[in-house]
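Asker: Structure provided below as structure tokens; questions to follow.
Protein chains: 4
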Amino acid sequence: MSYTPFQAPLLGALLGDQEIAACFSVKAELAAMLRFEAALARVCAAHRFIPENAAGAIATLCETFEPDLPAISAATARDGVCVPELVRQLREAAGESGPHVHFGATSQDVTDTALVLRLKDVSAILSERLDKIIAGLDALAGKFGSNPLTGRTRMQAALQITVDDRLGAWRAGVGEARERLDTNFEAMNRLQFGGPAGTLDSFGGKAQLVSVDLAHALGLFNPPRNWHANRVATADLASSLSIVTGSLGKIGQDVALMAQNEIGEIELSGGGESSAMPHKQNPVLAEALVTLARFNATLVSGMHQSLVHEQERSGSAWMLEWMILPQMCVAAGAAARNMVSLLENVDALGSS
Amino acid sequence: MSYTPFQAPLLGALLGDQEIAACFSVKAELAAMLRFEAALARVCAAHRFIPENAAGAIATLCETFEPDLPAISAATARDGVCVPELVRQLREAAGESGPHVHFGATSQDVTDTALVLRLKDVSAILSERLDKIIAGLDALAGKFGSNPLTGRTRMQAALQITVDDRLGAWRAGVGEARERLDTNFEAMNRLQFGGPAGTLDSFGGKAQLVSVDLAHALGLFNPPRNWHANRVATADLASSLSIVTGSLGKIGQDVALMAQNEIGEIELSGGGESSAMPHKQNPVLAEALVTLARFNATLVSGMHQSLVHEQERSGSAWMLEWMILPQMCVAAGAAARNMVSLLENVDALGSS
Amino acid sequence: MSYTPFQAPLLGALLGDQEIAACFSVKAELAAMLRFEAALARVCAAHRFIPENAAGAIATLCETFEPDLPAISAATARDGVCVPELVRQLREAAGESGPHVHFGATSQDVTDTALVLRLKDVSAILSERLDKIIAGLDALAGKFGSNPLTGRTRMQAALQITVDDRLGAWRAGVGEARERLDTNFEAMNRLQFGGPAGTLDSFGGKAQLVSVDLAHALGLFNPPRNWHANRVATADLASSLSIVTGSLGKIGQDVALMAQNEIGEIELSGGGESSAMPHKQNPVLAEALVTLARFNATLVSGMHQSLVHEQERSGSAWMLEWMILPQMCVAAGAAARNMVSLLENVDALGSS
Amino acid sequence: MSYTPFQAPLLGALLGDQEIAACFSVKAELAAMLRFEAALARVCAAHRFIPENAAGAIATLCETFEPDLPAISAATARDGVCVPELVRQLREAAGESGPHVHFGATSQDVTDTALVLRLKDVSAILSERLDKIIAGLDALAGKFGSNPLTGRTRMQAALQITVDDRLGAWRAGVGEARERLDTNFEAMNRLQFGGPAGTLDSFGGKAQLVSVDLAHALGLFNPPRNWHANRVATADLASSLSIVTGSLGKIGQDVALMAQNEIGEIELSGGGESSAMPHKQNPVLAEALVTLARFNATLVSGMHQSLVHEQERSGSAWMLEWMILPQMCVAAGAAARNMVSLLENVDALGSS
């Protein structure tokens, strides 16, 4: 039983997200890597770099291949990436087609592209939840929008506003965050392909043709050049994940303040219970939104540190991304799911 | 003599930037605020909220008004913003037009809009320097692009590449960073206007008309609603400033590694001297690029924490932006300027 | 299969740590919580707050109790802590002794004390590894200490030094980091006990006596007052974990630089392999040390944000600690283990 | 007029601190550097490394020397430290004693020791303010301690407590923070002295004797070895500065919550005014405490990144400290000063 920070250890259902975590499971990662190797073999055959029948054999093998996980894990501790051992196993299993596996590619091509393929799934999950949040905010506006509310600035009562005014600010934040997230997921949706030193040197003059076809086969766009050492897109994706959790955390903070006993501007069902005080109803989902916002706001810094990615490939900076980006996705998923639940739990909004 | 971190205290010329710092001077801030108050008065008069002659008097006053700075500073320590005292001084100076100053606005409208107006200048300065960097990289490609270079991955020699290959990665990073910066500066180029609680309640049904005209008068676009408590745009601008410094820091790190004595893949003039070892030539500009990248990568976290901006206006979160965003602009300016100089100092590139 | 960032997903053996992760497993957490409840019952009976036989029954039950984990997980999503449901299950299982379970305590008493009990194990593991690191550095000094080495400042060759000179700097950093870690683990070794609002109100004038006995029973010291909302010790523990990974990361960075092909100041066995370039030996452990240093340097910020812990208990700030502190412990464990391995892999050190 | 982030630009009196900023002024830095050079000259003469009369001439010169600041600033942009040019100017001014200036030392010896000398002043200022805070909390306890207060957990009313209960938590946090700050300032109070590559090679077998005497002359302790590349002490000092601001920020957050109109558990005089709503009294000092806490919690990350300080001296990592540590000191000073003022402004505390 290994440690999962999103359980902490029992908090998975509050601070974690099973659906998004599944995109970063060993199984999902290896499946995406095998998809890359299969597509690579086919495209290499189409351009006559490897024999047609070897490509067919490799692609078929990739569909059902069950890697030896303990061996991969052990090798990864030595190699810093799982690809060398995965490729070794694949080559062994492919028999005489073995030498044609992974033609012209490097570990980073496989690893980054396999990340990109799974981020598409993450994007779809988040997108659906953000739709529900917008719909939930609209529904609250329909029900409670015209209720009066005390506008508050610098933690002091200012002027009378309406629930619609505050919901409008919430919706604008979520809407702008969502736009940025979509843009950045779109920008990430690209093939990584450069070969050992980023020059696709095994493909000679055909490098761009192969790259275009490989991107097409994987449903990705083909960037002008590899992005082995250019991590702008990953850093900016991290930023927009944090902007999403931040805009939801702002709502969470507001809800926790509105739910204070003396203020009572929101009525929530499904609040948390206390081990010592049965009368309490804690705004746990709202608190969790603040937590997840501050968590991602903390982590985003490490993704920006990773921009200092030396030479043609930095093991250090790249591994730092691996430790951080999946967590930020999971935190964004948890925040979006909690926000959906929280909006469903609102029984009243505004001053009476 | 107050402390300036970009001098540290004598390092202003290396880690600071006078041109960008000037955009955040007291003088520039007050000038932008007075520009807002003048435009507001004229637009309010056009919509008959204040008398035409009062507007004229206020606008004229704003052109030459010299605020009592010590009084503003003292009041700011109490009020947390300088606007209340600035408005008080303006009203006093405006005589009978005084009561019409600042009609319908709130401190945050003035402060945020005055920030936006100065960010336009910051954007122009950075843009010009990024142009020079792209041109400088192109010039190096022209001179040294075909030279051989050892491709290095995970700090180990991999395959032979050319100088063009590495320059291409540098240029791609800077190019992508720049696109994001431009997009985010463009998104910031908008009026802040909401009145005390974000509802422009003094303007009744004419609020949107007034807002459109005020935005137009100031050369800004008019957003669908105020962004008092929605800080997505400021957080994302901070992210892209850090992405710029990060993509330049990657180049700096590469240069420092290339300049190692045993490696000698770059020849630089203008290196730093040592107090103890006259033979040394330290790659100071390259080091400074790494420093500035890590500095902004650190600070970006605080701008994301500021997304948790409670209710209609959070003094805490807002002031945190003030402490961070200007520094990030200055650091980006310093990095861009150092990069321009560093590229000019390159006398040779690639393996001999 | 849930996501674990320290596998990432296959990198557990490099960037994760099974031994330390086990301290944060569900099993370990619940065991520590049951230990608290058992000790509490006995002490409450000794002070006549609950019947002696109820205490015996509860303590016996706690030794073998198997909680219904899915029910706890579901309740935790609602309550934000697992204690209310755990206590409910315990009370049900305790039959007529049930009402005496958890007497006078609150969720935070159980959760924080259960954390403290497990941090003792973390401390022991880290301590043993740090001993090995010091011994490993001493062994290298014995073998290679008098070898010449180029002293390097600002990435440039400075003066000739010896291997001993550099090892001395490494050892000093690790030694100072270790002192701080020990001090902070010692400071954390204290009971959390305050009851619902921090006032131990169920115990009247006997509160301090009960507290002293409970601390004694659990092998902890009894602080002058509860630390529900005073998170100085947790923030400082996090700082020293990051200082440990930072001082090891400095060594990792040095090793990666010494291992560069043209420089060759270190010979390492057991280097990482490449999927594309069989000749390469990547300094993967050294890179991982840098990664783990930057990871903890990123996370430490969030632990400091958690110091802003409002009122008598902040759900938001507290949950943020849960998401971060265990990860920092695991990262410190991984770094220490990698350092031990790396030192064992050194075959030569210094210039030839 | 250069930019000062603690004015922002007009907020110096709220978010900045003139007394502490003065410790980091150009004037204070150069004075401390000259103090080092003077003491070095005398100690070198005592050990016969330089002539007695040269030492006297140098020491006398250092007392009145007025450096050419523009020349230093220009040189610093090239050298990355101001010491080479300062030493050049000193040597020129010292005439025939010139060659004996800076004997055996390196830029980092001067720079780090000059920092240490000024941190003593910072420590004294903070210490005095923290005393006042403790006294202020005690005074509030004397006046209002027995008043009832609603204990609040997870932003919900829990049980009735007293003002003393909450003040006790505040005081414990500040007290523990202060202990750590004192310990870390004490640990910083040490000479930096290693010479060009950390080996004091100009002093042969007398290196330790010279070092001991130099430390003594400057009122510092003499560490077992130089700490050029071992930045544990600076990182930990930064941590404790952030722990101080965090423990004050917790109080600030509580005060802002207590000051909410509907809750009214605190009465404050001297609150901030609004430009639009004359009736408001904003808890500006309390907000500023939260801001300063989050600011330092952000910056502390960069100081930990600086632990990855490569080889015998890292320009990058070292310069990052310069950009961050002074700011953290100033922020701690501002927070402590604001806390003193805020406590003085409390007119009532507790529920009525």
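Protein chains in written order, with the numbering used here: chain A, 1 to 352; chain V, 1001 to 1352; chain B, 2001 to 2352; chain W, 3001 to 3352.
All residues carry an ideal CB built from backbone N, CA and C; glycine is no exception.
None of these values were measured; they are calculated from a predicted model.
#1: Hey, how far is the Cα of W/Met3258 from the Cα of W/Gly3264?
#2: So the alpha helix (DSSP H) A/Thr113 belongs to, where does it begin and stop?
#3: Note down, one range per segment and in chain order, each alpha helix (DSSP H) of at least 4 residues found wholly within the stretch 1315-1341 of chain V.
#4: Leaving aside the five residues before and after V/Thr1162 along the sequence, list all residues of the same chain whose C-beta is less than 8 Å from its C-beta, in chain order.
#5: Can you name the residues of chain V whose CB is closer than 9 Å to the CB of B/Lys2280?
#6: B/Leu2214 to B/Ser2316, Cα distance in whole Å?
#7: List the DSSP bridge partners of B/Ile2266.
#8: Given a threshold of 16 other Cβ atoms within 10 Å of its Cβ, counted over all protein chains shown, does B/Gln2007 qualify as buried or as exposed?
#9: I need the boundaries of the beta strand (DSSP E) containing A/Pro148, first residue and last residue.
#10: What residues match up with V/Asn1296 in a beta bridge as DSSP calls it?
#11: For V/Pro1070, decide whether its Cβ has a neighbour in chain B, counting only Cβ atoms nearer than 8 Å.
#12: So does the stretch 3262-3277 of chain W actually touch the stretch 1099-1109 of chain V, counting three or more Cβ pairs closer than 8 Å?
#13: Could you pull the start and end residues of the alpha helix (DSSP H) that A/Ile251 belongs to?
#14: How should W/Gly3194 be labelled, buried or exposed, when 16 other C-beta atoms within 10 angstroms of its C-beta is the threshold for buried?
#15: Classify B/Asn2282 as helix, strand or coil using the three-state DSSP reduction.
#16: Any idea which residues DSSP pairs W/Ala3055 with across the strands?
#17: For B/Gln2356, does the three-state DSSP call read helix, strand or coil?
#18: What's the call for B/Thr2064, buried or exposed, on a 16-neighbour Cβ count within 10 Å?
#19: I need the straight-line Cα distance from V/Ser1237 to A/Ser247, nearest angstrom please.
#20: So which residues of chain A does V/Ala1177 contact, with C-beta pairs closer than 7 Å?
#21: On the three-state DSSP scale, how would you describe A/Ile20?
#22: Determine, using beta carbons only, whether W/His3102 and W/Val3210 come nearer to each other than 8 Å.
#23: Expressed to the nearest angstrom, what Euclidean distance is found between the alpha-carbon atoms of A/Ala334 and W/Arg3294?
#24: Quick one: is W/Gln3208 buried, meaning 16 or more other Cβ sit within 10 Å of its Cβ, or exposed?
#25: I'd like to know if V/Met1328 contacts chain B, where contact means its C-beta is closer than 8 Å to some C-beta of that chain.
#26: Give the C-beta separation of B/Ile2353 and B/Met2328 to the nearest angstrom, bearing in mind that I take them to be a contact with Cβ-Cβ under 8 Å.
#27: CA-CA distance, A/Asp203 and A/Ala39?
#28: Just to make sure I have the definition right: I need the residues of chain B whose C-beta is within less than 7 Å of the C-beta of A/Met277. Which are they?
#29: At the level of alpha carbons, what is the spacing between W/Thr3234 and W/Gly3252?
#30: Counting only the same chain and skipping the five closest in sequence on each side, list residues whose C-beta sits under 7 Å from that of B/Ala2381.
#31: Just verifying my parser: in three-state terms, what is the DSSP assignment at A/Thr199?
#32: Let me know the secondary structure DSSP gives V/Leu1214 once reduced to three states.
#33: Can you look up B/Gly2272 in the DSSP assignment and give me helix, strand or coil?
#34: For W/Val3110 and B/Arg2154, what's the separation of their Cα atoms in angstroms?
#35: A/Leu69: buried (16+ other C-beta within 10 angstroms of its C-beta) or exposed?
#36: Identify the residues that DSSP records as bridge partners of V/Thr1060: which are they?
Answerer: Here's the rundown:
#1: 6 Å
#2: In the DSSP assignment, A/Thr113 falls within the unbroken alpha helix (DSSP H) covering Ser107 to Phe144.
#3: none
#4: Gly1145, Ser1146, Asn1147, Pro1148, Leu1149 and Gly1350, listed in sequence order.
#5: By Cβ distance, chain V contributes Thr1153, Arg1154, Gln1156, Ala1157 and Ala1158.
#6: 28 Å
#7: B/Leu2349, per the DSSP bridge assignment.
#8: A caution first: B/Gln2007 carries a pLDDT of 49, below 50, which makes its placement in the model unreliable, though a value can still be read off. By the 10 Å Cβ count, B/Gln2007 comes out buried.
#9: Pro148 to Thr153
#10: DSSP, once it has assigned bridges, lists no residue as partnering V/Asn1296.
#11: no
#12: yes
#13: From DSSP, the alpha helix (DSSP H) with A/Ile251 extends over Val232 to Met258.
#14: buried
#15: strand
#16: BP columns for W/Ala3055 are empty, so no partner.
#17: Because chain B spans 2001 through 2352 in this model, residue 2356 of chain B falls outside it and cannot be assessed.
#18: exposed
#19: It is Leu, not Ser, that sits at residue 1237 of chain V in the sequence shown. Distance between the alpha carbons of V/Leu1237 and A/Ser247: 15 Å.
#20: Val232
#21: A/Ile20 falls in the helix class under three-state DSSP.
#22: no
#23: 24 Å
#24: exposed
#25: So, not an interface residue.
#26: Residue 2353 of chain B cannot be examined here, being either before or after the span of chain B that is shown, 2001 to 2352.
#27: The residue you asked about is not Asp; residue 203 of chain A is Phe in the sequence shown. Distance between the alpha carbons of A/Phe203 and A/Ala39: 16 Å.
#28: Pro2196
#29: Looking at the two C-alpha atoms, the distance is approximately 27 Å.
#30: Examination of residue 2381 of chain B is not possible in this model, given that chain B is present from 2001 through 2352 alone.
#31: It is coil, neither helix nor strand.
#32: helix
#33: strand
#34: 16 Å
#35: exposed
#36: Per DSSP, none; premise fails for V/Thr1060.
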